Amino acid sequence: LVAAMVEVEETYIMIKPDGVQRGLVGEIISRFEKKGFKLTGLKLFQCPKELAQEHYKDLQSKPFFPKLIDYITSGPVVCMAWEGVGVVASARKLIGATNPLNAEPGTIRGDLAVQTGRNVVHGSDSPENGKREIALWFKEGELCEWAPVQEPWLK
Ligand code: RTP
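So in UniProt numbering the end of the sequence shown lands on 230, straight run, no missing numbers.
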């Protein structure tokens, strides 16, 4: 028996304020749904400054940090938890390169964005960060563990 190379993982995906403002919420959620990942958490949320600073603490020393915090807190974001085999790396591929001008067509940023500072979506960069970020952005009771039913919805 060959051991499975990729495991079921969870990742934190966030539609940034520009994605909400531009009416791209449905389009972005639909890309992860169509790929086949499972949505386990979803909310529209006005992020406080402290949370944005904690989320991006690794970038604290970067010159663009204050602008990044202003951007992320400039309006509501859509917080999502997604689950699936290899979802962390796959979601990063669906999202595309950080600089949307380098992102391939077919990716979210490649199709929908132009500027690094307005790149519409965030995705965790490792399974460890996926867990850390989901715990940071969601409270207990906000996540749903569910399995797809086999029965048809309409009878
Ligand atoms: P994200 O965390 O949002 O998924 O982005 P990422 O991993 O692709 O990129 P990262 O290097 O972690 O940067 C986080 C976010 O900071 C903003 N940024 N601005 N030079 C700049 O002005 C600059 N560089 C990065 C972007 O919004 C980037 O997504």
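Ideal Cβ placement from N, Cα and C applies to all residues, glycine included.
These numbers come from a predicted model, not from an experiment.
Item: Leaving out the 5 sequence neighbours to the left and right, which residues in its chain are closer than 6 Å to PHE112 when beta-carbon positions are compared?; Value: TRP157, GLY159, VAL162
Item: What's the call for ASP133, buried or exposed, on a 16-neighbour Cβ count within 10 Å?; Value: exposed
Item: DSSP state of PHE120, grouped into three classes?; Value: strand
Item: Roughly how many whole angstroms lie between the Cα atoms of ILE209 and THR115?; Value: 10 Å
Item: Going along the chain, which unbroken runs of the beta strand (DSSP E) with 3 or more residues stay wholly within the UniProt domain "Nucleoside diphosphate kinase-like" (83-220)?; Value: 83-90, 113-120, 152-160, 196-198
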